[in-house]
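Note sheet for the following structure.
2 protein chains.
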Amino acid sequence: MSEHDKVDKYPSMTIGDNENNKRVVEKATIGVQLKAIRTENKLTLEEASKRTGLARSTLSKIENEQISPTFSVMQKLASGLNIELPQLFTKPKETKVTGRRDVTLNGQGRPHATLTYEHELLSTQLRNKKMMPYKSRVHARNFDHFGEWVRHEGEEFLLVLEGEVQLLTEFYEPATLVVGDSAYYDATMGHLVISTSK
Amino acid sequence: MSEHDKVDKYPSMTIGDNENNKRVVEKATIGVQLKAIRTENKLTLEEASKRTGLARSTLSKIENEQISPTFSVMQKLASGLNIELPQLFTKPKETKVTGRRDVTLNGQGRPHATLTYEHELLSTQLRNKKMMPYKSRVHARNFDHFGEWVRHEGEEFLLVLEGEVQLLTEFYEPATLVVGDSAYYDATMGHLVISTSK
DNA sequence: AAATAAAGTTTCCTATAGGAAACTTTTATT
DNA sequence: AATAAAAGTTTCCTATAGGAAACTTTATTT
Numbered sequence: 001m002s003e004h005d006k007v008d009k010y011p012s013m014t015i016g017d018n019e020n021n022k023r024v025v026e027k028a029t030i031g032v033q034l035k036a037i038r039t040e041n042k043l044t045l046e047e048a049s050k051r052t053g054l055a056r057s058t059l060s061k062i063e064n065e066q067i068s069p070t071f072s073v074m075q076k077l078a079s080g081l082n083i084e085l086p087q088l089f090t091k092p093k094e095t096k097v098t099g100r101r102d103v104t105l106n107g108q109g110r111p112h113a114t115l116t117y118e119h120e121l122l123s124t125q126l127r128n129k130k131m132m133p134y135k136s137r138v139h140a141r142n143f144d145h146f147g148e149w150v151r152h153e154g155e156e157f158l159l160v161l162e163g164e165v166q167l168l169t170e171f172y173e174p175a176t177l178v179v180g181d182s183a184y185y186d187a188t189m190g191h192l193v194i195s196t197s198k
Numbered sequence: 001m002s003e004h005d006k007v008d009k010y011p012s013m014t015i016g017d018n019e020n021n022k023r024v025v026e027k028a029t030i031g032v033q034l035k036a037i038r039t040e041n042k043l044t045l046e047e048a049s050k051r052t053g054l055a056r057s058t059l060s061k062i063e064n065e066q067i068s069p070t071f072s073v074m075q076k077l078a079s080g081l082n083i084e085l086p087q088l089f090t091k092p093k094e095t096k097v098t099g100r101r102d103v104t105l106n107g108q109g110r111p112h113a114t115l116t117y118e119h120e121l122l123s124t125q126l127r128n129k130k131m132m133p134y135k136s137r138v139h140a141r142n143f144d145h146f147g148e149w150v151r152h153e154g155e156e157f158l159l160v161l162e163g164e165v166q167l168l169t170e171f172y173e174p175a176t177l178v179v180g181d182s183a184y185y186d187a188t189m190g191h192l193v194i195s196t197s198k
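Just so you know, the protein sequences line up as chains P and G, in that order. Per full-length UniProt numbering, the first sequence runs over residues 1 to 198. Per full-length UniProt numbering, the second sequence runs over residues 1 to 198.
Written out as structure tokens, the structure is:
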């Protein structure tokens, strides 16, 4: 292997440069990550070797991006160094909303109407939030307005701001909620909110 | 390779059974995961092969846990199948609140008072929620009640139910919020809420 | 600043991953 | 139910990962 080869073996390894031409911008930094984790823990290659059961040389090569470790090696790394697997290739988490906030004054949210609901989406300036807050006015007055359960990934929390609604969910009896009442539920279970106000 | 070998190659591969005797309970299911993802997307091995740029045979062997894919292969999988890398070895998230809900009537939450806030924790019956909803009455009337910024992991959404408060955050001017106003912010950035009601 | 020790890298070899093609099994079609 | 087509598996080979030991570099001690 020539000197040039060594340096360029995994040059900047752009992920997914496959025939479909799907290109992912992120770089493969498993070596860099590993070295960072090891040095932060003040471990030598020898010590890391003992903990992971991997050869000193193997660790060195991974750190210098000379080889692409197998999944089983990655598992030994995570286990031996007491970290979660994704830490090996995920840069220290940067929340997408890092250092940002978004204030939405009453009634200034982005409107979004459907047949059954009138939503006011809140904090729409912030992208990639973990929560999607919104205020809703409920029009639906019975199950038939929907036809079937609403289901989707994630969890929902609701708080009644005015009037009276019924929360219908699979497996449970309907719950009548008035101002100040709230509920939290798994959204993969069928759910609906209907209005029982006048 | 004997029939027995084939079956047991990666028998139930308990991770991290290394000399430090650190034992991780989780199983290595990258093959199972991959197969699940592929079939859910109604892809044949051939199609998956085209998308990822990997050989049909390689995919088959990975799915049957006959080989341990290298990191670079895992990247091609994630990229080609349009998934996040950790999805390959993390079982489809089973929310801890699966199939459950928790209704909290007004004033029936669990009280939790501090010097500066009077909290009413909501939906405390459900454990391991992704969100922690609560109503708070704010006592603090200036920064000095705290001494320094509040900081923690995650994101916060707040909605004013009555009175008037000021939201103080690093990097931003204070925001005055009245009933119906809301805000969303990164909680790792210093933040405080103080009361400006009478 | 030599000598020694410790940490890290490279080489060389063996084991295993990944690809091409043959083979087997399953599904669809007549 | 026989045939064809499609999907999946296995074989066989080549390329590359991983381990042992030699080698180089960096830090430490005298």
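No residue lacks a Cβ here, since even glycine has one placed at the ideal position from N, Cα and C.
Check	Outcome
Thinking C-alpha only, which one of P/L34, P/E40 and P/E170 is nearest P/T58?	P/L34
Could you tell me which residues DSSP pairs with G/A36 in its beta bridges?	Its beta-bridge partners do not exist; DSSP assigns none.
Assign P/V179 to buried or exposed, taking buried as 16 or more other Cβ atoms, counted over all protein chains shown, within 10 Å of its Cβ.	exposed
Is there a Cβ from chain G that is less than 9 Å from the Cβ of P/A113?	no
Would the segment 44–54 of chain P count as touching the segment 54–68 of chain G if we require 3 or more Cβ pairs under 8 Å?	no
Assuming P/Y184 and G/P133 make a contact with CB atoms under 8 Å, what is their CB distance in whole Å?	6 Å
Rounded to whole angstroms, what is the Cα-Cα separation between P/H119 and P/K135?	6 Å
Hey, how far is the Cα of G/E62 from the Cα of P/L126?	The question names Glu, but residue 62 of chain G in the sequence shown is Ile. Rounded to whole angstroms, G/I62 to P/L126 spans 39 Å at the Cα level.
Please list the residues of the segment 105–131 of chain G that have a C-beta atom closer than 9 Å to any C-beta atom in chain P, keeping them in chain order.	L105, N106, G107, Q108, G109, L122, S123, Q125, L126, K129, K130 and M131
Taking the alpha helix (DSSP H) that P/V73 falls in, what are its first and last residues?	F71 to G80
Within 10 Å of its beta-carbon, does P/P69 have 16 or more other beta-carbons around it, so buried, or fewer, so exposed?	buried
Does the Cβ of G/E162 have 16 or more other Cβ atoms within 10 Å, making it buried, or fewer, making it exposed?	exposed
Measure the Cβ-Cβ separation of P/S182 and G/G109 and say whether it is below 9 Å.	yes
Helix, strand or coil, according to DSSP, for residue 216 of chain P in the structure here?	Because chain P in this structure spans residues 1 to 198, residue 216 of chain P falls outside the shown range and cannot be described.
Which of the residues in the segment 160–187 of chain G, read from start to end, lie with their CB under 8 Å from any CB of chain P?	L161, L167, T169, E170, F171, Y172, A175, L177, V178, V179, G180, D181, S182, A183, Y184, Y185 and D186
Does the distance from the CB of G/R38 to the CB of P/D186 come in under 9 Å?	no
Using a C-beta to C-beta distance shorter than 9 Å, which residues of chain P count as neighbours of G/V193?	Near G/V193 there are no residues of chain P at all, since even the closest Cβ is about 12 Å away, more than 9 Å.
Going along chain G, which residues have a C-beta under 8 Å from P/D144?	Residues of chain G passing the Cβ test: none, with the nearest at roughly 22 Å.
Using the DSSP secondary-structure output, state which residues sit across from G/V193 in a beta bridge.	G/L167
Can you list, in chain order, the residues of its chain whose CB lies under 8 Å from that of G/Y172, leaving out five sequence neighbours each side?	none
Which chain P residues are close to G/I30, counting only those with a beta carbon under 7 Å from its beta carbon?	F71
Assuming residue 269 of chain P contacts P/L159 (C-beta within less than 8 Å), just tell me the rounded distance between them.	Residue coverage of chain P in this structure runs from 1 to 198, which leaves residue 269 of chain P outside it and unanswerable.
When DSSP labels each residue in this structure, what does P/A113 get in the three-state scheme?	strand
At 9 Å on the CB atoms, spell out the chain G contacts of P/R141, in chain order.	Those within 9 Å of P/R141 in chain G number zero; the least Cβ separation is about 20 Å.
Within the same chain, show all residues whose beta-carbon is closer than 7 Å to that of G/V25, passing over the 5 residues directly before and after it, in chain order.	Unreliable positioning characterises G/V25 in this predicted model, as indicated by a pLDDT of 31, which lies under 50. The coordinate reading is nonetheless provided below. Answer for G/V25: no residue qualifies.
For P/N41, collect the residues of the same chain with a Cβ closer than 8 Å to its Cβ; drop the 5 residues on either side in sequence, then sort them by chain order.	L81
Take the Cβ of P/E46 as the centre, count every other Cβ of all protein chains shown within 10 Å, and call the residue buried at 16 or more, exposed below.	exposed
Could you tell me the alpha carbon to alpha carbon distance between G/E84 and P/V150, rounded to whole angstroms?	26 Å
Are any of the Cβ atoms in chain G nearer than 9 Å to that of P/S136?	no
With a threshold of 6 Å on Cβ separation, who are the neighbours of P/G190 within its own chain once the five nearest residues in sequence on each side are excluded?	W149, R151 and E170
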